[in-house]
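Let me begin by presenting the structure, written as structure tokens, before commenting on it.
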DNA sequence: TCATGTGATTGATAAAGATCAATCACATAT
DNA sequence: ATATGTGATTGATCTTTATCAATCACATGA
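Residue numbers (the numbering used here), protein chains in the order written: chain C, 11 to 242; chain A, 11 to 242.
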């Protein structure tokens with residue numbers, strides 16, 4: 011692993027509390043690999059052999075049942091995914107595929123569990139990460155159960171806008187059909203939902219979104235930090 | 011706290027790794043209280059001052075937005091709730107109310123965090139609990155995004171049946187309108203959904219469910235351990 | 001430049017789910 | 001025994017969302 015990437019991984023909150031020696035030994039069993047776009051990295055139901063870390067690129071976590079499938083979240087550098095499965099030594103609940111050319115570090119789950127068993131600091135860092143993940147999913151659950159798709163889209167746009175710096179114009183960060191899946195709707199309905207937000211001053215051309223009337227959109231979206239603020 | 015309850019709390023997986031002395035000191039700041047039915051114990055958005063433990067009775071975790079509300083889960087003895095908020099020292103994402111007369115232990119969150127900071131074994135027990143909770147919500151998310159309400163009900167009934175011992179006849183464990191909310195539908199639609207399952211051999215009279223044709227129901231429900239098995 | 005493919009959009013229609021109003025069933029209190 | 005209240009059910013209707021089919025827009029490669 012090149013030194014710069016070693017430092018990228020080292021800088022993750024998850025690994026911060028590890029002694030240099032412990033980290034190095036954990037990394038000894040790890041390897042890094044480049045993947046092209048659209049490669050399935052893991053398949054739900056498989057045993058969780060590796061903790062994955064996205065070093066560059068991006069990864070889609072999705073799930074299928076009975077011929078349907080849905081995107082659950084996106085992982086970007088620098089973060090890990092499927093930590094819970096690794097810790098519990100339980101099968102993956104979600105599949106993962108690269109959205110673009112990506113570089114992924116793989117740490118054997120056995121090593122992660124072994125380190126976790128002996129290093130209290132590491133265990134505490136994992137707690138923080140898991141608590142954060144748990145709260146994210148609970149928020150997603152509330153978003154899904156309490157809102158219509160139009161309301162979800164409106165709040166998603168406000169979140170993206172803030173993420174992009176808060177200006178009136180910003181870009182959608184992924185394909186519309188994937189956005190539709192993340193928001194729990196079909197691509198057709200996403201198209202219609204964008205039009206449905208026009209009365210609240212939302213203009214979409216391609217991947218460019220303009221929010222003409224911030225107050226109108228916010229009044230309609232009624233964002234709630236207990237659903238929409240990813241930081242708490 | 012009576013000795014029998016002290017032992018109940020002590021027997022939780024979460025507290026098993028604590029030294030007797032550490033546990034006792036954690037319990038010193040705790041107190042136990044009886045609540046009547048339908049009392050709101052915590053309100054979403056409030057600071058998480060206490061880790062709650064259900065000693066007897068049951069508690070509904072729910073959330074509201076814009077005049078709507080939804081039940082997210084039920085907590086029964088002996089388990090804790092809002093552990094993630096306690097650990098992160100972040101506001102509650104869900105409200106909680108007693109479903110029946112209940113006895114609840116309250117441990118100051120500050121004490122839990124302090125113990126967590128110094129006791130690696132406790133941190134590891136918390137990891138296990140959080141990983142479990144995280145996976146439960148992910149499963150609920152998949153259930154909600156991948157299935158229709160009829161399919162969710164069918165799978166819920168199969169789960170309840172298994173939980174009740176696997177016989178053809180069993181009882182629903184809570185009010186239908188709450189069940190509707192948990193499953194993400196209205197009470198009216200739950201009524202219709204029960205009728206919609208008649209062709210698959212489901213008969214409901216009051217709270218008593220009879221599954222006449224197990225194979226038919228399972229063929230329709232297509233249960234999947236990665237969604238429906240609470241143990242993994 | 002032109003064909004080709006893929007994702008996005010649009011329209012028509014169907015299905016799923018919500019809402020509203022009325023009634024029913026059953027428990028509890030008088 | 002009768003009144004009262006609450007939750008469950010049913011029917012009618014409306015809204016939301018999905019599906020299917022066609023077209024459009026745009027990028028890529030021959």
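Note that CB positions come from ideal geometry on N, CA and C, so glycine has one too. The structure displayed is predicted, hence computed values, not measured ones.
Select from the options the residue whose C-alpha is nearest the C-alpha of residue i.
i	options	result
residue 226/A	190/A, 164/A and 238/A	164/A
residue 155/C	83/A, 40/A, 13/A and 17/A	83/A
residue 109/A	213/A, 189/A, 158/A and 224/A	189/A
residue 21/C	63/C, 153/C, 72/C and 102/C	63/C
residue 170/A	101/A, 242/A, 220/A and 149/A	220/A
residue 212/C	228/C, 112/C, 127/C and 175/C	228/C
residue 206/C	159/C, 149/C and 191/C	159/C
residue 101/C	52/C, 166/C, 187/C and 222/C	52/C
residue 192/C	43/C, 144/C and 166/C	166/C
residue 176/C	183/C, 224/C, 195/C and 136/C	224/C
residue 107/C	194/C, 122/C and 45/C	45/C
residue 242/A	215/C, 75/C and 103/C	103/C
residue 157/A	23/C, 78/C and 148/C	78/C
Kindly identify the DSSP beta-bridge partner or partners of residue i.
i	result
residue 115/A	42/A and 63/A
residue 71/A	83/A and 106/A
residue 198/C	None, per the DSSP bridge assignment.
residue 221/C	212/C
residue 89/C	64/C
residue 128/C	BP columns for residue 128/C are empty, so no partner.
residue 180/C	219/C
residue 31/C	In DSSP, residue 31/C forms no bridge with anything.
residue 52/C	106/C
Applying the criterion that 16 or more other CB atoms from any shown protein chain within 10 Å of the CB defines a buried residue, is residue i buried or exposed?
i	result
residue 41/C	exposed
residue 185/C	exposed
residue 151/A	buried
residue 162/C	buried
residue 234/C	buried
residue 13/C	exposed
residue 56/C	exposed
residue 50/C	exposed
residue 178/C	exposed
residue 139/A	buried
residue 43/C	exposed
residue 48/A	exposed
residue 218/C	exposed
residue 198/C	exposed
residue 125/A	buried
Determine the direct distance from the alpha carbon of residue j to that of residue i, and round the result to whole angstroms.
i	j	result
residue 240/A	residue 146/A	7 Å
residue 17/C	residue 231/C	41 Å
residue 181/C	residue 173/C	10 Å
residue 97/A	residue 209/C	42 Å
residue 3/C	residue 80/C	In the structure as shown, chain C begins at 11 and stops at 242. Residue 3/C is therefore absent and cannot be evaluated.
residue 137/C	residue 168/A	33 Å
Taking only heavy atoms of the ligand NAD into account, decide whether any of them is closer than 7 Å to the Cβ of residue i.
i	result
residue 231/C	With respect to small molecules bound, the structure shown includes none, and the ligand NAD cannot be examined in it.
Count the C-beta pairs between the stretch 86–100 of chain A and the stretch 33–40 of chain A that are closer than 8 Å, then say yes if the count reaches three, no if not. Contact between the stretch 86–100 of chain A and the stretch 33–40 of chain A is absent, because fewer than three Cβ pairs lie under 8 Å.
Quick check: the stretch 130–137 of chain C against the stretch 17–31 of chain C, are at least 3 beta-carbon pairs closer than 8 Å? The stretch 17–31 of chain C is in contact with the stretch 130–137 of chain C.
Would you say the stretch 113–120 of chain A touches the stretch 51–68 of chain A, given that touching needs at least three Cβ pairs under 8 Å? Contact between the stretch 113–120 of chain A and the stretch 51–68 of chain A is present, because at least three Cβ pairs lie under 8 Å.
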